[in-house]
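Enquirer:
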Amino acid sequence: MERCPRRTRRHDPAGTAAHAGRATAQLTAAELFVFRCAECHGTQGEGTAEAPPLNDFLVLPPEFIESQVRSGPENMSAFTEAEISAEQLTLLSAHIQAEIAGTNLVSVDEDQLEQGRQLWRDFCMECHGARGQGKNDFGPPLNVWPPYSVTGIIDGARLPLPDMPVLSVTDDELRLIAAFMHSWAANSIAE
Ligand code: HEC
Ligand code: HEC
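My numbering puts the first residue of the sequence shown at 266, with every later residue one more than the last.
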């Protein structure tokens, strides 16, 4: 099997993008991720100081990835069709879902899931509802799609809120809470 030695370009995305058009059209989805996304999100999607991890989402639906890539959230520039074609983006999204999303999720047994549920009741339910549906005036719905990443849940729970002392939950407890929150989404995927 013949393959051209395009790997050498991977670590110079900005410099080569302009004249690498033909070559990038031939990149596999995995190579495209390294070429276009790894600089900020890490080669395994583990995140860097520049950008959040993508491997601690339960799912990353293609529409969500595509909207991020095309619109460019804060601190992430948008990619045009010339840089990533529609066809490549479809392959890239499938790759991210299959190989990256969820690879850093806490796996919990029944007991830990129950602990997560208990912690949720103690610390979060009052404002966000029993199953994250939200409560007017207290807290927004958290049973959103795509589900919050673990990082997003930890950061969200650590947001300073005006009328409330900082929650005394540890990161490990928040990971159990995250696993419980992901069980809502897992159920809705199964439905
Ligand atoms: C220049 C750095 C940079 C590059 C390159 C980059 N991103 Fe991002 N990305 C970011 C930043 C920063 C955020 C967080 C934005 C925010 O906080 O609103 C982000 C957010 C995201 C999110 C949402 C994650 C979340 O936690 O909400 C997705 C999905 C994403 N990027 C996918 C991609 C894909 C796919 C690529 C490659 C095609 C890519 N990004 C390339 C910097 C980058
Ligand atoms: C006293 C009420 C209250 C409690 C208790 C509370 N939250 Fe929140 N939470 C809020 C409010 C209000 C916001 C919206 C804050 C904002 O947008 O600035 C919020 C936002 C969030 C967000 C979304 C952040 C974002 O960027 O969209 C997450 C995730 C979150 N909370 C998780 C938790 C978790 C997990 C717990 C339990 C450990 C918890 N919260 C406990 C009131 C609460």
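Glycine is no exception: its CB is placed at the ideal position from the N, C-alpha and C atoms.
What you are looking at is a predicted structure, and each value in this text was computed from that prediction instead of being measured.
Ligand 1 and Ile-255: does any heavy atom of the ligand fall closer than 7 Å to the residue's C-beta?
Expert: Lying outside 266 to 456, the shown extent of the chain, residue 255 is not represented and no answer is given.
Enquirer: Starting from Met-390, follow the alpha helix (DSSP H) in both directions and report where the run begins and ends.
Expert: Mapped onto the sequence shown, residue 390 falls at position 125. Per DSSP, Met-390 belongs to the alpha helix (DSSP H) from 390 to 393.
Enquirer: Measure the C-alpha to C-alpha separation of Ala-316 and Gly-404 and round it to an integer number of angstroms.
Expert: The residue you call residue 316 lines up with position 51 of the sequence shown. The residue you call residue 404 lines up with position 139 of the sequence shown. Whole-angstrom Cα-Cα distance: 26 Å.
Enquirer: Which residues are close to ligand 1, meaning CB closer than 7 Å to any heavy atom, in chain order?
Expert: This selection yields Phe-298, Arg-301, Cys-302, Glu-304, Cys-305, His-306, Glu-315, Ala-316, Pro-317, Leu-319, Leu-325, Phe-329, Ile-330, Gln-333, Val-334, Pro-338, Glu-339, Asn-340, Met-341, Ser-342, Phe-344, Ile-349, Leu-357, Ile-361, Ser-414, Thr-416 and Gly-417.
Enquirer: Looking at Gln-377 and Ala-444, is the spacing between their C-beta atoms short of 8 Å?
Expert: Residue 444 sits at position 179 when you count from the first residue of the sequence shown. Residue 377 sits at position 112 when you count from the first residue of the sequence shown. In this structure, Gln-377 lies closer than 8 Å to Ala-444 by Cβ.
Enquirer: For ligand 2, any of its heavy atoms closer than 7 Å to the Cβ of Leu-370?
Expert: Counting from one through the sequence shown, the residue named residue 370 turns up at place 105. The answer is no for Leu-370.
Enquirer: Along the alpha helix (DSSP H) that carries Glu-348, what are the first and last residues, could you check?
Expert: As a working note, residue 348 is residue 83 in the sequence shown. First-last for Glu-348: undefined, no H or E at that position.
Enquirer: What span of residues does the alpha helix (DSSP H) with Gly-404 cover, start to end?
Expert: On the sequence shown, position 139 is the one that residue 404 refers to. Taken as a continuous stretch (DSSP letters only), Gly-404 belongs to no alpha helix (DSSP H), as it is neither H nor E.
Enquirer: Based on Cα-Cα distance, which residue from Glu-364, Gly-417, Ser-414 and Cys-392 lies nearest to Pro-406?
Expert: Taking the first residue of the sequence shown as 1, we reach residue 406 at position 141. Of the listed residues, the one whose Cα sits closest to Pro-406 is Cys-392.
Enquirer: For Arg-396, does the three-state DSSP call read helix, strand or coil?
Expert: Taking the sequence shown and counting its residues from 1, the one referred to as residue 396 is at position 131. Arg-396: coil per DSSP, three-state reduction.
Enquirer: Can the beta-carbon of Val-324 be found closer than 8 Å to that of Pro-425?
Expert: Within the sequence shown, numbered from 1, the residue matching residue 324 stands at position 59. Within the sequence shown, numbered from 1, the residue matching residue 425 stands at position 160. Their beta carbons are not under 8 Å apart, which means Val-324 does not touch Pro-425 by this criterion.
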